[in-house]
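Contents: one structure, followed by commentary.
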Amino acid sequence: MKIISQVVKALFMIAGLVAVQPALQAHTDEYLDQHGAVHGGMMRMSGPYHLELVVESGRAVVWVMDHANQPRPTAGAQGQLILFQDGERVVLDLEPDGDSRMLAEDSRISATDSPRAVLTLSMRGQAPLQVRYAELTKAKAKTESDHEHDHGHADHAH
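According to this note's numbering, the sequence shown is numbered sequentially starting from 8.
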């Protein structure tokens, strides 16, 4: 009986993982880059938050939202943003700005649609979260010169 109980538990765990897999895939960086940007920036997910980064000349803004892209309050939050631009590492402190934004203003910030950055964010009373922003590498189509040949497949069309 104990073995049957363990098998049933294992099957339920597997069924649960299979059931949530589509939801997990919906929040990949690739998915968020294609569908998630509410303010025209680069969106990432960490913990219960969607974190959208917009980098403009002289300022960086992070919008904090839940998984339904609804604003989350940033009062009492602390953040640090490290931007990698123009061969330089720019470290910025973020301050709450408005209801659901974090802001840094600095003359060293250059506007970019695809920032390379690391964000560390501590929402009030919560452990710090960290996300990385970088342009996604587009999958290259394999060319015939990239294709590894297995000499036993003469009937394989290229």
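Beta carbons: idealized from backbone N, C-alpha and C, even for Gly.
In this structure, does DSSP put residue i in helix, strand or coil?
| i | result |
| --- | --- |
| P80 | coil |
| E142 | coil |
| R115 | coil |
Residues in the same chain with beta-carbon distance under 7 Å from residue i, minus the five sequence neighbours each way, listed in chain order, please.
| i | result |
| --- | --- |
| A241 | Nothing about residue 241 can be reported from this structure: the residues present for the chain run from 8 to 165 only. |
| K145 | Because K145 sits at a pLDDT of 42, beneath the cut-off of 50, its placement in the model cannot be relied upon, and the point is left open. |
| P122 | M49, L60, V62, L90, Y140 |
Starting from residue i, follow its DSSP beta bridges and name the residues at the other end.
| i | result |
| --- | --- |
| V68 | V61, L110 |
| S121 | According to DSSP, which records beta bridges pairwise, S121 is partnered with nothing at all. |
| D100 | Q87 |
| Q137 | T127 |
Say yes only if the C-beta of residue i is nearer than 7 Å to one or more non-hydrogen atoms of the ligand ZN, and no if none qualify.
| i | result |
| --- | --- |
| V61 | Although the ligand ZN was asked about, the structure shown includes no ligands whatsoever. |
Here's a check: name, in chain order, each residue in its chain whose Cβ is nearer than 6 Å to the Cβ of residue i, leaving out the five neighbours to either side.
| i | result |
| --- | --- |
| A82 | P103 |
| L128 | G86, L136 |
Comparing alpha-carbon positions, which option in the options lies nearest residue i?
| i | options | result |
| --- | --- | --- |
| V71 | Q92, R51, V97 | R51 |
| P78 | G132, A118, E142, P55 | P55 |
| H74 | A84, S53, D93 | S53 |
| E95 | R108, S117, P80, H57 | S117 |
| R115 | D106, H46, Q92 | Q92 |
| G132 | V45, G47, L58, A84 | A84 |
Rounded to the nearest angstrom, how far is the Cβ of residue i from that of residue j, given a contact under 8 Å?
| i | j | result |
| --- | --- | --- |
| M109 | V69 | 4 Å |
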